Amino acid sequence: MKRGILYMILMVVAVMCATTTWAQKKPRVVVNIVLTTMNGDDLERYADNFSQGGFRRLTTEGVTFANATYGYMQTLTPVSLATLSTGATPSTHGVVGEAWWDHITNKRTTLVDDSSAHSLRFSTGTGNYSAKNLLAESFGDAVVKSSEESRVATIAIEPMSAIVMNGKRGVAYWMETLKTHWTTSSCYVDELPEWVATYNQEEWNKVYQLERWNTLLPYDRYHNSQVSKIEGLHSKEGKRIDFVGTDDMPTVTSLHQKMYYTPAGNSAIFAFAKQTFGKLQMGRDEAVDVLNIVLDTPEKIATVYGAESVEYEDMLYRLDRDIEDFIAFTTAQLSSPEEMVIVLTAAHGTSPSYNATKEPQSRFNVMQAEVIVNAYLGSQYGNAEWVLGYENRNIYLNHNLIKEKKLSIPALQHEVATFCMQLKGVSHALAADALRNSYFGSGYAQKIQNGYYPKRSGDVVINLMPGYIEEQQTTRSASGSMYRYDVHVPLVVYGGGVQPRMVEEKVDMTSVVPTIAKMVGIAAPTASEGEILNVK
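Using the numbering used here, the letters of the sequence shown correspond one by one to residues -17 to 518.
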């Protein structure tokens, strides 16, 4: 009898020890590294030129999900950042783009602009931003809810990127446009922390600007050949150099532009991220801390120069070295690598450049489409301002006018959707009435529906044909479609005791947040809808 009791006691103690050991192994720091643009196969395509401690370290020592995709059409930066921060699709989290049209006021509403908020020590005197239009709880919000001792910070060049990825708790930092000083909003803190003000006074961001952009490596080692901005290219092995016309390129003169359109932006972000990690003493106690690093530069470079460019490729190699340095710094601050989880991913991929070949791909002319649709409705129901505007593949009709004319809004939505199918470059068009009242279980319609939020989306949502992008100045490549080049992104989970391996099965990007929440032992954000991935 005594022996049986002793055995039971030993078993209970063993279980308690195992539970304690597991609890001790739960990571205390989460670092999300999000490139605004990176194609799903870029980690493999450029692997031979990566360092040992950057991208390669993450992929060889972490879990790489080779088939990670977004399940909606609106693969735009703010939309996907909201998915990465909430674990939900746009149909749930409500971020449909950087702006939308309000049917009551007939005015354009932007996602983060807020006249009641102000930026702190903002040298240009402008920049009223807040998180008031974010509807769903973010991962950072959930972390702070789990413990008021938790520290959450997000860093980006763009205020929109920083705010959307961050949420309403913690603090989001971004660069102001005149001196690229770091600032934040009064919706987060009352005054800029002294260490941030000192960092700005010392003008650290100026250290990273490139006066001349040359390749990091010998040109013969590069996979791409198209070049617009990089200087001094020379091939010893006869590698072709394809010069792309610069007539449609932006003029990069200010420090802020250099942060956007050269690798300087990434380097400055990671330098400030190291300061943030250290000054906030992340990982020093039992509370979970979160550092979100959003890299806006990759999207700017891919948009202007194209993903086929030497500029884009060189940016990745320099970023690889920045990541290597950051990992070395942060792991040195912790007692064990298992105390930190790093998630590497992207907000979206990007299209092939419309002029990457000798015969340029046609583009969709937004302004022309608005005029044509408005003229069509005018011919049917009388000349008037029938179309409010176009945003994010959404056409917004003038509801007040339609009501005034005593017409049916659903009927006009379907009529315009049918008419839009005649526009050059349009592959599909769906009426909001159909998206609200029907269920689409698969195919293109499901992807459009997953990105539809009734209070903010338009009356007609269009999908462009493969390879088509919207015609815009200084834009060679763009995102925002349901095609694989936009929805397929890298996804790597590193640290926290994961078992290194490659996962080939398809995973949805809504799974990232609940998976990380499970790893650190907190409840997932309230709107989270993805499945928990097996990373152990």
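C-beta: ideal position from N, C-alpha, C; glycine also.
Source: prediction; values computed, not measured.
Residue i to residue j span [Cα, whole Å]
i: Gly440; j: His85; result: 9 Å
i: Pro521; j: Glu219; result: Past the boundaries of the shown model lies residue 521; the chain is included only from -17 to 518, so the question cannot be answered.
i: Ala314; j: Gly260; result: 11 Å
i: Ala505; j: Lys387; result: 50 Å
i: Gly265; j: Lys518; result: 21 Å
i: Lys385; j: Glu131; result: 52 Å
i: Ile212; j: Lys240; result: 13 Å
i: Thr46; j: Asp202; result: 29 Å
i: Thr3; j: Pro245; result: Because the pLDDT at Thr3 is just 41, under 50, the model does not fix this residue reliably, and the value given afterwards should be weighed accordingly. Between Thr3 and Pro245, the C-alpha separation is close to 42 Å.
i: Pro72; j: Trp82; result: 13 Å
i: Val286; j: Gln454; result: 10 Å
i: Val146; j: Ser217; result: 43 Å
i: Leu116; j: Val125; result: 17 Å
i: Ile137; j: Met157; result: 9 Å
i: Gly107; j: Asp304; result: Below a pLDDT of 50, predicted positions are generally treated as unreliable, and Gly107, at 46, falls in that range; the measurement from the model is reported next regardless. Their backbone Cα atoms lie some 32 Å apart in a straight line.
i: Met231; j: Asn374; result: 23 Å
i: Arg345; j: Thr332; result: 15 Å
i: Met142; j: Asp224; result: 35 Å
i: Thr258; j: Tyr434; result: 36 Å
i: Lys221; j: Thr456; result: 27 Å
i: Phe254; j: Tyr170; result: 18 Å
i: Tyr363; j: Leu412; result: 21 Å
i: Ser318; j: Ser129; result: 22 Å
i: Tyr54; j: Ala284; result: 21 Å
i: Val234; j: Leu192; result: 11 Å
i: Pro87; j: Leu174; result: Checking the sequence shown, residue 87 turns out to be Thr, not Pro. Each residue's Cα considered, the two are about 35 Å apart.
i: Pro200; j: Glu306; result: 20 Å
i: Lys89; j: Asn148; result: 27 Å
i: Met403; j: Ala310; result: 53 Å
i: Gly76; j: Arg438; result: 7 Å
Which listed residue (the options) has its alpha carbon closest to that of residue i
i: Val469; options: Arg483, Val480, Asp490 and Gly479; result: Asp490
i: Ser112; options: Ile139, Thr92 and Arg418; result: Thr92
i: Gln183; options: Arg38, Met20, Asp307 and Thr165; result: Thr165
i: Glu321; options: Met142, Ile498, Val78 and Ser73; result: Ile498
i: Ser249; options: Asp23, Leu412, Pro334 and Ile139; result: Ile139
i: Val348; options: Glu341, Glu173 and Gly371; result: Gly371
i: Glu487; options: Gly69, Tyr421 and Ala50; result: Ala50
i: Arg194; options: Gln208, Leu215 and Lys256; result: Leu215
i: Ile275; options: Arg90, Val153 and Gly407; result: Val153
i: Thr312; options: Gln263, Ile430 and Trp177; result: Gln263
i: Lys127; options: Gly360, Leu25 and Gly503; result: Gly503
Cβ pair residue i, residue j closer than 7 Å
i: Ala118; j: Ala399; result: no
i: Thr18; j: Glu290; result: no
i: Ala351; j: Leu417; result: no
i: Val325; j: Asn516; result: no
i: Asn445; j: Ser409; result: yes
i: Val272; j: Ile377; result: no
i: Pro507; j: Phe121; result: yes
i: Val480; j: Gly22; result: no
i: Thr492; j: Gly69; result: yes
i: Asp123; j: Lys150; result: yes
i: Ser168; j: His238; result: no
i: Ala48; j: Met484; result: yes
i: Val12; j: Val494; result: no
i: Leu58; j: Gly79; result: yes
i: Ser33; j: Asp302; result: yes
Own chain partners of residue i with C-beta closer than 7 Å, once the 5 adjacent residues on each side are dropped
i: Lys500; result: Ile514
i: Leu519; result: Summary: the structure shown does not reach residue 519, with the chain confined to residues -17 through 518, and so no result is reported for it.
i: Ala5; result: Here the model assigns Ala5 a pLDDT of 43, short of 50, so the residue's position is not dependable and the matter cannot be decided.
i: Pro448; result: Tyr465
i: Ser105; result: Because Ser105 carries a pLDDT of 49, less than 50, the predicted location of this residue cannot be relied on, and the following value inherits that uncertainty. The residues are Glu158, Leu160, Lys161 and His163.
i: Tyr336; result: Pro342, Gln343, Arg345, Ile451 and Arg458
i: Leu62; result: Before going on, a small fix: residue 62 reads as Ser here, not Leu. Excluding residues within five positions, the ones whose Cβ falls inside 7 Å are Tyr52, Ala329 and His330.
i: Trp186; result: Ala253
i: Ala144; result: Thr136, Ile137, Ala138, Ala154, Tyr155, Trp156 and Val276
i: Phe308; result: Phe252, Ala255 and Lys256
Neighbourhood of residue i by C-beta distance below 8 Å, restricted to the same chain and skipping five residues each side
i: Asn206; result: Glu290, Ser291, Val292, Tyr294 and Glu295
i: Glu367; result: Asn356, Asn380 and Leu383
i: Ala338; result: Gln208, Gly288, Glu290 and Arg458
Cβ shell of residue i (< 6 Å), same chain only, five flanking positions each side left out
i: Ser390; result: none
i: Arg300; result: Leu198 and Pro245
i: Cys(-1); result: For Cys(-1), the predicted structure reports a pLDDT of 44, less than 50, and the residue's modelled location is therefore unreliable. A value from the coordinates is still provided. Once the five neighbours on either side are set aside, Cys(-1) has no close Cβ partner at all.
i: Val226; result: Gln208 and Ser210
Beta carbon proximity, residue i to chain D, threshold 7 Å
i: Glu80; result: The structure shown has no chain D; it contains just one protein chain.
### Message
For the structure I just gave you, are there three or more beta carbon pairs, one from the stretch 461 to 481 and one from the stretch 36 to 44, closer than 8 Å?
### Response
yes
### Query
Would you say the stretch 447 to 462 touches the stretch 418 to 432, given that touching needs at least three Cβ pairs under 8 Å?
no
### Message
With three or more C-beta pairs closer than 8 Å as the rule, is the stretch 269 to 283 touching the stretch 17 to 34?
### Response
yes
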